[in-house]
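Its first residue numbered 5, the first sequence is counted upward by one per residue in my numbering. First up is the structure itself, then whatever we jot down about it.
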Amino acid sequence: MPVLLLVDGSSYLYRAFHALPDLRTSQGEPTGAIRGVLSMLRRLESDYKAEFRACVFDAKGKTFRDELYPEYKSHRPPMPDDLRAQIEPLHAAVQAEGWPLLAVEGVEADDVIGTLTRQAQERGWEVVISTGDKDLTQLVRPGVKWVNTMSEEVLDEAGVEEKFGVPPERIVDYLALVGDAVDNVPGVEKCGPKTAVKWLTEYGTLDNLVANADKVGGKVGENLRKHLDFLPLGKKLVTVATDVALPLELDALPARGDDKAALRALYERFEFRGWLKDLDGPGGSAPVRKDGGGARSANAAAPEASGAVAAVEATDPPAAPGAHRGSYVTILDWATFDAWLAKLDAAALVAFDTETTSLDPMAAQLVGMSFATVAGEAAYLPLAHRGPDVPAQLPFAEVLARLKPWLESDAHAKLGQNLKYDAHVLANHGIRLAGMAHDTLLESYVLESDKSHDMDSLAKRHLGLTTIPYTDVCGKGAKQIGFDEVALERASEYAAEDADITLRLHRTLWPQLEAVPALAALYRDVEMPAMQVLFDMERTGVLIDDFLLAQQSEELGRRLMALEREAHELAGQPFNLGSPKQLGEILFGKLGLPVVKKTATGQPSTDEEVLVQLSDDYPLPKLLLEHRGFAKLKSTYADKLPRMVNPKTGRVHTSFSQAVAVTGRLASSEPNLQNIPIRTAEGRRIRAAFIAPRDHVIVSADYSQIELRIMAHLSGDARLLEAFAHGEDVHRATASEVFGVTPAEVTSEQRRYSKVINFGLIYGMSAHGLAKNLGIDRAAAQGWIDRYFARYPGVADYMERIKGEAKAKGYVETVFGRRLYLPDLRAQQVGRRQGAERAAINAPMQGTAADLIKKAMIAVHGWLGASGLKSRLILQVHDELVLEVPRDELELIRRELPARMGGVAELAVPLLVEVGAGNNWDEAH
DNA sequence: CTGCTAGCATA
DNA sequence: GTATGCTAGCAGA
5 MPVLLLVDGS SYLYRAFHAL PDLRTSQGEP TGAIRGVLSM LRRLESDYKA
55 EFRACVFDAK GKTFRDELYP EYKSHRPPMP DDLRAQIEPL HAAVQAEGWP
105 LLAVEGVEAD DVIGTLTRQA QERGWEVVIS TGDKDLTQLV RPGVKWVNTM
155 SEEVLDEAGV EEKFGVPPER IVDYLALVGD AVDNVPGVEK CGPKTAVKWL
205 TEYGTLDNLV ANADKVGGKV GENLRKHLDF LPLGKKLVTV ATDVALPLEL
255 DALPARGDDK AALRALYERF EFRGWLKDLD GPGGSAPVRK DGGGARSANA
305 AAPEASGAVA AVEATDPPAA PGAHRGSYVT ILDWATFDAW LAKLDAAALV
355 AFDTETTSLD PMAAQLVGMS FATVAGEAAY LPLAHRGPDV PAQLPFAEVL
405 ARLKPWLESD AHAKLGQNLK YDAHVLANHG IRLAGMAHDT LLESYVLESD
455 KSHDMDSLAK RHLGLTTIPY TDVCGKGAKQ IGFDEVALER ASEYAAEDAD
505 ITLRLHRTLW PQLEAVPALA ALYRDVEMPA MQVLFDMERT GVLIDDFLLA
555 QQSEELGRRL MALEREAHEL AGQPFNLGSP KQLGEILFGK LGLPVVKKTA
605 TGQPSTDEEV LVQLSDDYPL PKLLLEHRGF AKLKSTYADK LPRMVNPKTG
655 RVHTSFSQAV AVTGRLASSE PNLQNIPIRT AEGRRIRAAF IAPRDHVIVS
705 ADYSQIELRI MAHLSGDARL LEAFAHGEDV HRATASEVFG VTPAEVTSEQ
755 RRYSKVINFG LIYGMSAHGL AKNLGIDRAA AQGWIDRYFA RYPGVADYME
805 RIKGEAKAKG YVETVFGRRL YLPDLRAQQV GRRQGAERAA INAPMQGTAA
855 DLIKKAMIAV HGWLGASGLK SRLILQVHDE LVLEVPRDEL ELIRRELPAR
905 MGGVAELAVP LLVEVGAGNN WDEAH
């Protein structure tokens, strides 16, 4: 089914002009809006394979709305000269890009789009309307969707209803009630979105509402009645016309190829240097213009055939959710395999994905692989599908052997979505994946770490496409089947789509990264290399003493039993100590202890803080605290870790997630090795079970006070910088300042207070939080905060500055330019907003620390590799690196490591690294 | 069997 | 007061 892509050029022109920086050529000609609109067209071109398309602009001349209502748009200020100056050149550029351009005198762009949409619908075509104007959502229908390429919002019927509360058919009713300030169309006074939706939900349509206007109560009801006379006119004004006379037919709008000569001239005039370069050679990120795809590409290869009507792709499957699917093939014979291998060898970049038997990277076995070299075209190579109806697949070993050179070649660039996983899968088959050039997971993460990065979400968000969810193919929960059991046709569809979508995603994400040099650098120089380091760390794993853990488990079990018995005696009845519900009934019901605080659901809380308070006056809470501590150690660590030992390697292989923490930190899971106990003696016994093999030691190197140092750097506070420059104990220095004594006179109590304050600063503390933590009243806590800020004015300034910056920009940055978006800064609820403000303070510090240690990992890993050392990185715990070191390398590592880690950046403070070594992780501290 | 809550381990 | 992941218990399928 052909796709018609309609772009509201006028709406984007205005928005680009106001939203984008004031770009100018050296002659002073404004070009910002031109560039903005053109890059949106390019993005659309790569996002949608549309056989027909048009870019529509408003034209001069009075429209029917002006006739109906002289005030229409009458309040608008005249168009800025800098905007007007860009219209003509933009029109020229749009046409040179191969976009049919429509500007119909006396007709607004909206009405042209409305009319073309109706015509296309009548022919059964699909329509994509790209605009920044929400009024056009009234045109959405099955097969017609609305996308805002600037905000990347995509709305279908359900989406419109979700966003506005009324279906597309009711949008005009809704607009007539609410009015349109932009176009100077008044609505019912005091009737906003909420009221309009309420009325339309109650009365169904505007007409019915009008018929029942006398029944509507309240002041707004009165306003409605006052407005009854105007409503029909208002509705006409907000209704997009679908029947205006157009000077041409749909068939006159095929997607054409670009006019290179014209583009070159225009780009030269606009001084778009990067795009000029793209014109010369097919750059890595240029939209697909060669062979294979659909009618659009075919025409692009032959610009002179611009009048030809696009042919419909014969291999397009019919189903709606897969409408984007191009020609996907399943490789089942050698001839097809050879043809694809030749393609892979020749391609500059190949999107690549594996299908496997398991989500556990160390256990997963290969079931198949998919490849894509051109958007819309992909192949699935099944290797190990099982089942009665499975056709013969090419022989596993032979295929792998023939693919191995390509897979292991650094010169053949691969692109994937979470390539670290694919690298593990291949490693399980003895293949060392090389040439990992791009990863859409990491691209998305660097661009917007607060969003989700799974392929289904990415496809929806960036391409407006609905992909096949994994659970649709394999089911979920207990009934989930392995990918090797999926019917081949279904598997092929799913797998090929994965590769195809990955490629398309890269084509839209990568240019976005390149547009912000700091982000591109972060992606290229930090995240991509870190992925390789993490892969090696995961693969190496850590050795644990499972016998020691088993002993501890038994001992913990005994002590838990004893504690339980005592607790039951004190309670006068047996109950489950691990059940907060039963515990609450005993403590606050039967024993009548005072309720200190409640949980989120209104239940009396029994958490640690509460039990600590109660244990002053009662015996049971103390037992419970001990029980809780031991139970956690036993179940989470002593019992769990031995079960996580990989039978093949005899070691524990955690999984590091590189794209979950919004601040840039890593996360460790299955098992989480970043939360191994350290605070209590009992807990440290767990840590002691992380051991080094024979003739090796565990080395731990951590950044000292990293976040406070970063705070000193970011704030530039003179006193704080000085304290670090002189290698002082910062908490003691803080105490000395705040309490007004010499450092030598600081008591341990004063130092403890200062430490809490320092941590509080990093977390964006409030007086309330500090008071709770120190067990003092709010006023006293505020007093300490005031004294701190008086002594460290640079820090106070910084806190204010960062909050202001966050509000202005919507995000904060790390020292290296990593962005954390904070949409909640504009939230309605005070609580959410304050939370976002605290996050704004914390994120640059936590995030910069994360950047630094990632750089350190890359530096250390590179150094170990380059010098042929056998020492291995095995863990990262946010400010600490853990290595397994052969004894004969210990001296060298001890000597070199601090400088390697400390030298990754020049901050205004020295980066101090403390190194320890021992037979186990506990001893290494 | 799944999804939620409470609680708690780390930096 | 920031950022995570995992466990047991429990309610509702």
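Glycine residues also receive a C-beta, built at the ideal position from the N, C-alpha and C atoms.
Tell me which same chain residues have a C-beta within less than 7 Å of the C-beta of residue i, skipping the five on either side of it?
{"i": "lysine 602", "result": "Pro608, Ser609"}
{"i": "aspartate 828", "result": "Arg836, Arg837, Gly839, Ala840"}
{"i": "lysine 408", "result": "Ile435"}
{"i": "glutamate 809", "result": "Val816"}
{"i": "isoleucine 38", "result": "Gln90, Pro93, Leu94, Ala97, Phe274"}
{"i": "valine 614", "result": "Val600, Lys601"}
Please classify residue i as buried or exposed, where buried requires at least 16 other C-beta atoms within 10 Å of its C-beta.
{"i": "glutamine 421", "result": "buried"}
{"i": "methionine 154", "result": "buried"}
{"i": "methionine 565", "result": "exposed"}
{"i": "glycine 668", "result": "buried"}
{"i": "proline 395", "result": "exposed"}
{"i": "leucine 363", "result": "exposed"}
{"i": "histidine 772", "result": "exposed"}
{"i": "lysine 149", "result": "buried"}
{"i": "valine 745", "result": "exposed"}
{"i": "threonine 358", "result": "buried"}
{"i": "methionine 83", "result": "exposed"}
{"i": "proline 914", "result": "exposed"}
{"i": "lysine 230", "result": "exposed"}
{"i": "alanine 748", "result": "exposed"}
What residues in its chain sit with their C-beta under 8 Å from that of residue i, if we drop five residues either side in the sequence?
{"i": "arginine 891", "result": "Asp699, His700, Val701"}
{"i": "leucine 877", "result": "Val537, Asp540, Met541, Thr544, Met861, Val864, His865, Leu868, Leu885, Val886, Leu887"}
{"i": "arginine 904", "result": "Ala860, Ala863, Val864, Trp867"}
Mapping the DSSP letters down to three states, classify residue i as helix, strand or coil.
{"i": "histidine 700", "result": "strand"}
{"i": "alanine 315", "result": "Bear in mind that a pLDDT of 28 at alanine 315, under 50, signals an unreliable position, so the number given afterwards is only what the model happens to contain. Three-state result, alanine 315: coil."}
{"i": "alanine 921", "result": "strand"}
{"i": "methionine 44", "result": "helix"}
{"i": "serine 719", "result": "helix"}
{"i": "tyrosine 815", "result": "strand"}
{"i": "leucine 4", "result": "Nothing about residue 4 can be reported from this structure: the residues present for the chain run from 5 to 929 only."}
{"i": "glutamate 101", "result": "coil"}
{"i": "histidine 442", "result": "strand"}
{"i": "threonine 684", "result": "coil"}
{"i": "serine 413", "result": "coil"}
{"i": "tryptophan 150", "result": "strand"}
{"i": "isoleucine 472", "result": "coil"}
{"i": "alanine 396", "result": "coil"}
{"i": "methionine 648", "result": "coil"}
{"i": "aspartate 233", "result": "coil"}
{"i": "proline 251", "result": "coil"}
{"i": "leucine 885", "result": "strand"}
Let me check one thing: in DSSP terms, what residues is residue i bridge-paired to?
{"i": "glutamine 484", "result": "Answer is none; glutamine 484 lacks a bridge partner."}
{"i": "leucine 106", "result": "Val60"}
{"i": "proline 258", "result": "Phe56"}
{"i": "valine 201", "result": "The partner list for valine 201 (beta bridge, DSSP) is empty, contrary to what the question assumes."}
{"i": "serine 496", "result": "Serine 496 pairs with nothing; no bridge assigned."}
{"i": "glutamate 130", "result": "Val7"}
{"i": "leucine 901", "result": "In DSSP, leucine 901 forms no bridge with anything."}
{"i": "lysine 28", "result": "Per the sequence presented here, residue 28 reads as arginine, with lysine not at that position. Paired residues: Pro34."}
Kindly examine the ligand NAP and report whether one of its heavy atoms sits closer than 7 Å to the Cβ of residue i.
{"i": "arginine 273", "result": "In the structure on display, the ligand NAP does not appear, and there are no ligands present to speak of."}
List the whole-angstrom C-beta distance separating residue i from residue j, where the pair is believed to meet the contact cut-off of C-beta under 8 Å.
{"i": "isoleucine 680", "j": "tyrosine 641", "result": "7 Å"}
{"i": "methionine 535", "j": "lysine 418", "result": "In fact, because the Cβ distance is near 12 Å, the residues do not count as touching under 8 Å."}
Beta-carbon within less than 6 Å of residue i's beta-carbon, same chain only, minus the 5 sequence neighbours each way: which residues are those?
{"i": "alanine 693", "result": "Ile548, Asp549, Leu552, Leu553"}
{"i": "leucine 624", "result": "Leu574"}
{"i": "leucine 507", "result": "Ala355, Ala376, Ala379"}
{"i": "asparagine 152", "result": "Gly136"}
{"i": "threonine 199", "result": "Val224"}
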